[in-house]
Amino acid sequence: MDLVDDINLERPAHRAVPRVRDQIPHVVHARVARGVDLDHVRVAAGHDRLRHVVRVVGVVQGLGEDPGHGGLPDPARAAEQVGVGDPPRRDRVLQRPCDRRLPDHLVKIRRPIPTRQDRVAHARSVRGRPPPGPRAPARRTPRGIGSLMPQVITRFAPSPTGHLHVGGARTALFCWALARQAGPDGRFLLRVEDTDRARSSKAAARGILEDLAWLGIDWDEGPAFTTEDGRTLGGDPRGVGPFFQTQRLEIYEKLFEQLLESGQAYPSFETPEDMAAMREQAEREKRTFRYTQPEGYDHARALERMRSAEACVLRLRVAQPEIVVTDEVRGRIVFTPEHYDDFVIRKGDGFPTYHFAVVVDDELMGVTHVVRGEEHLNNTPKHVALQQALGYRTPTYAHLSLIANPDGSKMSKRDKDKAARAACHERKVGTPPPGLAAGAIDAARFAEWLGDKKSQLPSDQLQALARAMHLTLPEIEVEDFRRSGYLPETLCNYLALLGWNPGEKNDDGTDLERFDKAALAQKFAFERVIKKAASFDRAKLLAFNQSDIAAMTAEAFEAAWRAWAERENPGLLTALADRFPLAARAAQIRARTLADAAEPIAFALHPQGAVEFDAKAVQKVLAKNGGEGVAVLREMRVVLAGVEAFEPVALDAAVHAFAEGRGLGMGKVAQPLRVAITGGTVSPGLGETLALVGKAGVLSRIDRCVEVHAGLEGAEA
RNA sequence: GGCCCCAUCGUCUAGUCUGGUCCAGGACACCAGGUUUUCAUCCUGGUAACGGGGGUUCGAAUCCCCCUGGGGUCACCA
Numbered sequence: 003m004d005l006v007d008d009i010n011l012e013r014p015a016h017r018a019v020p021r022v023r024d025q026i027p028h029v030v031h032a033r034v035a036r037g038v039d040l041d042h043v044r045v046a047a048g049h050d051r052l053r054h055v056v057r058v059v060g061v062v063q064g065l066g067e068d069p070g071h072g073g074l075p076d077p078a079r080a081a082e083q084v085g086v087g088d089p090p091r092r093d094r095v096l097q098r099p100c101d102r103r104l105p106d107h108l109v110k111i112r113r114p115i116p117t118r119q120d121r122v123a124h125a126r127s128v129r130g131r132p133p134p135g136p137r138a139p140a141r142r143t144p145r146g147i148g149s150l151m152p153q154v155i156t157r158f159a160p161s162p163t164g165h166l167h168v169g170g171a172r173t174a175l176f177c178w179a180l181a182r183q184a185g186p187d188g189r190f191l192l193r194v195e196d197t198d199r200a201r202s203s204k205a206a207a208r209g210i211l212e213d214l215a216w217l218g219i220d221w222d223e224g225p226a227f228t229t230e231d232g233r234t235l236g237g238d239p240r241g242v243g244p245f246f247q248t249q250r251l252e253i254y255e256k257l258f259e260q261l262l263e264s265g266q267a268y269p270s271f272e273t274p275e276d277m278a279a280m281r282e283q284a285e286r287e288k289r290t291f292r293y294t295q296p297e298g299y300d301h302a303r304a305l306e307r308m309r310s311a312e313a314c315v316l317r318l319r320v321a322q323p324e325i326v327v328t329d330e331v332r333g334r335i336v337f338t339p340e341h342y343d344d345f346v347i348r349k350g351d352g353f354p355t356y357h358f359a360v361v362v363d364d365e366l367m368g369v370t371h372v373v374r375g376e377e378h379l380n381n382t383p384k385h386v387a388l389q390q391a392l393g394y395r396t397p398t399y400a401h402l403s404l405i406a407n408p409d410g411s412k413m414s415k416r417d418k419d420k421a422a423r424a425a426c427h428e429r430k431v432g433t434p435p436p437g438l439a440a441g442a443i444d445a446a447r448f449a450e451w452l453g454d455k456k457s458q459l460p461s462d463q464l465q466a467l468a469r470a471m472h473l474t475l476p477e478i479e480v481e482d483f484r485r486s487g488y489l490p491e492t493l494c495n496y497l498a499l500l501g502w503n504p505g506e507k508n509d510d511g512t513d514l515e516r517f518d519k520a521a522l523a524q525k526f527a528f529e530r531v532i533k534k535a536a537s538f539d540r541a542k543l544l545a546f547n548q549s550d551i552a553a554m555t556a557e558a559f560e561a562a563w564r565a566w567a568e569r570e571n572p573g574l575l576t577a578l579a580d581r582f583p584l585a586a587r588a589a590q591i592r593a594r595t596l597a598d599a600a601e602p603i604a605f606a607l608h609p610q611g612a613v614e615f616d617a618k619a620v621q622k623v624l625a626k627n628g629g630e631g632v633a634v635l636r637e638m639r640v641v642l643a644g645v646e647a648f649e650p651v652a653l654d655a656a657v658h659a660f661a662e663g664r665g666l667g668m669g670k671v672a673q674p675l676r677v678a679i680t681g682g683t684v685s686p687g688l689g690e691t692l693a694l695v696g697k698a699g700v701l702s703r704i705d706r707c708v709e710v711h712a713g714l715e716g717a718e719a
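Position 335 of the first sequence, counted from 1, bears residue number 337 in the numbering used here, the numbering being contiguous throughout.
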């Protein structure tokens with residue numbers, strides 16, 4: 003209890019002012035049920051100040067079977083406050099200090115730690131099936147942390163309307179990390195939310211699976227998928243599928259029926275036009291629009307109309323005066339009724355709305371943690387209302403901030419259209435450019451796209467347009483980053499850092515920023531998730547990618563570059579042929595991405611006679627001092643013609659020996675050669691440069707260079 | 001506009017809960033210098049931030065209030 007004074011003793015005199023008495027924590031005496039988190043007790047007992055210490059003074063009996071919590075004790079009832087007072091001096095029994103590093107507004111209701119029995123009971127009540135077994139064969143969990151680890155089931159639930167956006171990838175990554183962190187009891191599942199029949203496509207769903215697999219974000223349950231290296235992802239070991247919502251209609255139908263019967267849901271017959279009119283009127287009257295049931299609504303009559311196939315939607319009756327959402331990153335948020343009117347749960351086409359399907363599926367799939375983008379924060383009270391209507395548990399929620407562009411706007415797929423459109427305007431391109439395959443983009447459509455800021459071209463057309471205009475579009479989707487030659491591990495590393503950080507230091511005092519997915523899974527915690535929206539910094543990603551490429555072994559880089567080229571630039575492979583390993587060695591340290599790796603060795607791709615000499619380089623290297631560079635070239639030609647093994651080390655040795663023998667600096671010898679071989683003064687190491695072009699190529703390039711620049715020799719400088 | 005969320009170098013962030021060790025640390029970018037046959041790499045150094053105003057306190061980046069700014073959301077999309 004003398005902690006305070008101990009601290010102050012260490013401080014310089016002017017700071018050693020004693021703390022005021024009220025800094026000392028109050029103590030709440032409480033009786034609690036087994037398995038209940040004491041932080042929660044603090045809240046339940048009305049003492050949510052963190053500095054309050056909860057002292058357990060007994061056990062509350064008979065609170066083990068609350069069906070609403072799947073057989074776990076209801077935390078709200080699991081504590082009885084006994085009294086509040088100053089800490090007694092000598093009592094050290096069962097005290098739990100306030101050691102959680104959380105601000106008041108983040109005091110959160112943690113789930114009681116479920117036992118194996120609890121989980122069994124829970125799973126039965128949900129599915130009438132045995133509970134999920136551990137993935138690995140039963141193994142002894144280490145004592146301590148492992149045995150206390152609750153089951154964690156997370157999911158990523160994309161809607162297949164396009165490629166995977168980086169924001170989605172980050173969400174998936176965090177979900178994955180959370181599940182992996184929980185060890186054998188953790189599961190990460192993938193569910194495809196395809197209830198929007200107009201916008202969903204099989205191809206998009208497939209693309210998202212590919213993107214996820216490429217990133218190494220493996221899902222335990224969900225659509226089956228075979229990776230490029232032959233691993234199988236997905237599947238349905240617990241029997242909670244199918245994982246496409248359009249295949250789950252029967253499940254939803256039953257629940258609709260149930261809600262209709264109990265009167266918690268009701269049919270509503272307004273057309274979309276009616277709704278629009280009502281909204282407009284609300285806006286005119288400057289009030290927030292809320293749907294209200296029509297005067298004189300008659301449930302029996304409404305059901306009758308519905309059964310006679312009259313067009314209608316189903317709405318949930320929501321009567322809660324307020325709904326509290328507890329979010330792992332944002333804390334406790336209280337929502338009032340204007341956030342959740344009687345919203346639609348079944349659309350006119352018979353499909354469930356997102357709100358309905360997400361709540362039902364999360365429950366039925368046993369999802370414990372819902373991690374998603376901030377755009378869903380305002381939807382959460384609706385989901386909680388639905389859970390209450392259906393008698394479901396509420397999962398732990400965590401809403402991640404959005405990823406923004408450097409200008410602060412939301413990073414969006416439209417940004418690619420924006421960039422292309424801006425380039426067209428700037429270059430005064432008014433019709434589909436000629437480089438484009440005929441008919442790739444309809445001229446009228448192109449004009450429309452050019453004029454409408456919100457218009458989007460299909461991604462393949464946009465890609466073709468960019469190619470034709472030699473334009474680099476901003477990378478927004480995972481697929482874009484893959485095409486641009488980023489390493490999947492690097493992207494994951496950077497994405498993880500965009501909104502979270504491990505808060506640890508390296509040995510040299512710098513912040514821990516570089517880590518792999520395994521470390522992420524080990525360290526990830528909501529407590530260190532940043533609330534602020536982060537803007538995406540390509541320069542930093544590029545720096546990460548470059549250093550990761552540099553850190554690879556030569557073999558690994560060669561393999562990665564080859565794999566990338568096979569997919570994105572097969573011409574590079576044919577042009578380089580058996581020179582590829584040599585090219586890879588020269589390119590690696592100079593590459594920021596797999597796409598730009600070819601740039602430093604581009605000279606090796608030119609036809610032999612086509613070297614274009616840079617005028618400045620010629621002046622500086624060949625012409626100076628009466629064309630001494632050209633003279634060196636003549637001599638070097640003889641030397642190089644005599645080199646048997648035309649490979650970097652031998653070539654470097656030969657050039658060095660020549661320079662030394664002639665008493666010249668390396669610069670005087672290397673630079674003329676560079677210009678002769680590449681046309682400019684910049685290239686990889688001289689040995690590599692020469693080896694890449696080959697003996698015949700080197701000699702012919704020297705010959706041509708000497709021929710073209712012979713006039714410089716002997717001329718006055 | 002209503003509601004919700006957020007606010008430290010140009011950018012990503014540490015520090016905020018538990019006020020003093022912070023005239024604020026790291027990374028990327030940028031600038032300068034060095035190593036090297038050019039480039040790249042590598043090394044050394046530097047510029048650079050607590051949005052504004054009140055309050056609490058001996059003391060505020062840190063706690064409270066207001067303002068401002070940014071973002072999100074208000075669908076039979078997800």
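For every residue, glycine included, the Cβ atom is placed at its ideal position computed from N, Cα and C.
- [ ] Ignore the nearest five residues each way along the sequence and tell me which others in T382's own chain have a CB closer than 7 Å to its CB.
- [x] Taking the first residue of the first sequence as position 1, residue 382 is located at position 380. Cβ neighbours of T382 beyond the five flanking positions: V327 and Y399.
- [ ] For the alpha helix (DSSP H) holding G699, just list the boundary residues, first then last.
- [x] To locate residue 699, count along the first sequence from 1; it is residue 697. First-last of the alpha helix (DSSP H) with G699: L688 to H711.
- [ ] Determine the direct distance from the alpha carbon of N380 to that of E275, and round the result to whole angstroms.
- [x] Against the first sequence, residue 275 aligns to sequence position 273. Against the first sequence, residue 380 aligns to sequence position 378. Counting only the Cα atoms, N380 lies some 25 Å from E275.
Task: Burial state of K456, where buried means 16 or more other Cβ atoms lie within 10 Å - done: Translated into positions along the first sequence, residue 456 becomes position 454. Counting every other CB atom within 10 Å of its CB across the protein chains shown gives K456 a total below 16, marking it as exposed.
Open item on the list: Only counting the same chain, and skipping five residues up and downstream in sequence, which positions put a Cβ closer than 8 Å to that of A445?
Closed with: In the first sequence, counting from the first residue as 1, residue 445 sits at position 443. Within its own chain, the residues whose Cβ lies closer than 8 Å to the Cβ of A445, once the five positions on either side in sequence are excluded, are T433 and P434, listed in chain order.
- [ ] Note down, in chain order, each residue of its chain lying with its Cβ closer than 8 Å to the Cβ of F345, except the 5 sequence neighbours on either side.
- [x] If you number the first sequence from 1, residue 345 lands on position 343. Cβ within range, chain order: Y293, R317, L318, V320, T355, H357 and K384.
- [ ] At 4 residues or longer, and completely inside the region 452-481: list those alpha helix (DSSP H) runs for me, N to C.
- [x] Within the region 452-481, the complete alpha helix (DSSP H) segments at least 4 residues long are 461-470, listed from N- to C-terminus.
Task: Y399: first and last residue of the uninterrupted beta strand (DSSP E) it sits in - done: On the first sequence, position 397 is the one that residue 399 refers to. T398 to L402 is the extent of the beta strand (DSSP E) around Y399.
Task: From D343, P674 and L642, residue whose alpha carbon lies closest to that of E630 - done: Taking the first residue of the first sequence as 1, we reach residue 630 at position 628. The residue with the shortest Cα to Cα distance from E630 is P674.
Open item on the list: In whole angstroms, give me the CA-to-CA distance for V373 and A422.
Closed with: By 1-based counting over the first sequence, the position of residue 373 is 371. By 1-based counting over the first sequence, the position of residue 422 is 420. The alpha-carbon atoms of V373 and A422 are separated by roughly 33 Å.
TODO: List the residues that DSSP assigns as beta-bridge partners of A316.
DONE: Taking the first sequence and counting its residues from 1, one reaches residue 316 at position 314. Looking at the sequence itself, residue 316 is Leu, so the reference to Ala does not match. L316 pairs with P269 and R348.
- [ ] Let me know the alpha helix (DSSP H) ranges lying completely inside the region 524-570, each 4 residues or longer, listed in chain order.
- [x] Runs found: 540-553 and 556-570.
Task: Residue from R530, K533, F528 and S414 whose Cα sits closest to the Cα of L475 - done: Taking the first residue of the first sequence as position 1, residue 475 is located at position 473. For L475, the closest of R530, K533, F528 and S414 by C-alpha to C-alpha distance is S414.
TODO: Go ahead and pull the three-state DSSP assignment for P186.
DONE: Your numbering for residue 186 matches position 184 in the first sequence. Residue state for P186 is assigned as helix, using DSSP reduced to three classes.
Task: C-alpha distance - V362 paired with N495, whole-angstrom precision - done: As a first step, residue 362 is located in the first sequence; it is residue number 360 there, counting from the start. As a first step, residue 495 is located in the first sequence; it is residue number 493 there, counting from the start. Roughly 33 Å separates the two Cα atoms.
TODO: Go ahead and pull the three-state DSSP assignment for A256.
DONE: Working through the first sequence from its first residue, we reach residue 256 at position 254. In the sequence on display, residue 256 carries Lys and not Ala. DSSP, read as helix, strand or coil, puts K256 in helix.
Task: alpha helix (DSSP H) runs wholly inside the region 598-639, at least 4 long, in chain order - done: Qualifying alpha helix (DSSP H) stretches: none in this window.
Task: CA nearest to the CA of A498, picked from T555, A521 and E557 - done: Taking the first residue of the first sequence as position 1, residue 498 is located at position 496. Out of T555, A521 and E557, A521 has the C-alpha closest to the C-alpha of A498.
TODO: Tell whether a beta-carbon distance below 9 Å holds between A597 and I551.
DONE: By one-based count along the first sequence, residue 597 stands at place 595. By one-based count along the first sequence, residue 551 stands at place 549. No; because the gap between Cβ atoms is not below 9 Å, this pair is not in contact.
TODO: Can you have a look at H427 and say buried or exposed, based on whether 16 or more other CB atoms are within 10 angstroms of its CB?
DONE: In the first sequence, residue 427 corresponds to position 425, counting from 1. With a threshold of 16 other beta carbon atoms within 10 Å, H427 falls short and is exposed.
Open item on the list: Rounded to whole angstroms, what is the Cα-Cα separation between L1 and E272?
Closed with: For residue 1 there is no data in the structure shown, the boundaries of the chain being 3 and 719.
Open item on the list: Contact defined as beta carbons within less than 8 Å: I believe I210 pairs with P160. What is the distance between those atoms, to the nearest angstrom?
Closed with: Position 208 of the first sequence, counted from the first residue, corresponds to residue 210. Position 158 of the first sequence, counted from the first residue, corresponds to residue 160. So it is a contact: roughly 5 Å between Cβ atoms.
Open item on the list: Mapping the DSSP letters down to three states, classify G224 as helix, strand or coil.
Closed with: On the first sequence, residue 224 is found 222 positions in, with the first residue counted as 1. When secondary structure is reduced to three states using DSSP, G224 falls in the strand class.
Open item on the list: Starting from F358, trace the alpha helix (DSSP H) in both directions and tell me its first and last residue.
Closed with: For this step, residue 358 is matched to residue 356 along the first sequence. Note, F358: alpha helix (DSSP H), Y356 to L366.
Task: Assigned exposure category for A712 - 16 Cβ within 10 Å defines buried - done: Along the first sequence, read from residue 1 onward, the residue named residue 712 stands at position 710. With a 10 Å radius around the Cβ and a threshold of 16 neighbouring Cβ atoms, A712 comes out exposed.
Task: Boundaries (first-last residue) of the beta strand (DSSP E) holding L235 - done: Position 233 of the first sequence holds residue 235. Unbroken beta strand (DSSP E) run through L235: T234 to G237.
Task: Spatial distance of T338 from A558 (CA atoms) - done: Here residue 338 refers to the residue found at position 336 of the first sequence. Here residue 558 refers to the residue found at position 556 of the first sequence. Looking at the two C-alpha atoms, the distance is approximately 56 Å.
Open item on the list: Just to confirm, is the Cβ distance from F176 to F517 under 9 Å?
Closed with: In the first sequence, the residue the question calls residue 176 occupies position 174. In the first sequence, the residue the question calls residue 517 occupies position 515. Against a cut-off of 9 Å, the Cβ pair of F517 and F176 comes out as no contact.
Open item on the list: Would the region 237-247 count as touching the region 190-207 if we require 3 or more Cβ pairs under 8 Å?
Closed with: Between the region 237-247 and the region 190-207 there are three or more C-beta pairs closer than 8 Å, enough to call the two in contact.
Task: F582, enclosing alpha helix (DSSP H) - first and last residue - done: Taking the first sequence and counting its residues from 1, one reaches residue 582 at position 580. DSSP places F582 in the uninterrupted alpha helix (DSSP H) bounded by F582 to Q590.
Task: Other residues of its chain near A672: CB distance less than 6 Å, five sequence neighbours each side excluded - done: Numbered from its first residue, the first sequence carries residue 672 at position 670. If you ignore the 5 residues before and after A672, its C-beta comes within less than 6 Å of the C-beta of L688, all in its own chain and listed in chain order.
Task: Residue of Q390, E377 and G375 minimising C-alpha distance to Q322 - done: Position 320 of the first sequence, counted from the first residue, corresponds to residue 322. For the residues Q390, E377 and G375, the minimum Cα distance to Q322 belongs to Q390.
Task: Candidates G164, A577 and A171: closest to F158 by CA position - done: What you label residue 158 is simply residue 156 of the first sequence in a count that begins at 1. Closest by alpha carbon: A171.
Task: Proximity of A536 and A619 at Cβ, strictly below 9 Å - done: Numbered from its first residue, the first sequence carries residue 536 at position 534. Numbered from its first residue, the first sequence carries residue 619 at position 617. Not a contact, by the Cβ cut-off of 9 Å.
Open item on the list: Please return the same chain residues whose Cβ sits closer than 6 Å to the Cβ of Y254, not counting the five positions on each side in sequence.
Closed with: Looking up residue 254 in the first sequence gives position 252. P354.
Task: DSSP three-state assignment for K412, whether helix, strand or coil - done: Mapped onto the first sequence, residue 412 falls at position 410. In the structure shown, K412 adopts extended strand secondary structure according to DSSP, grouped into three states.
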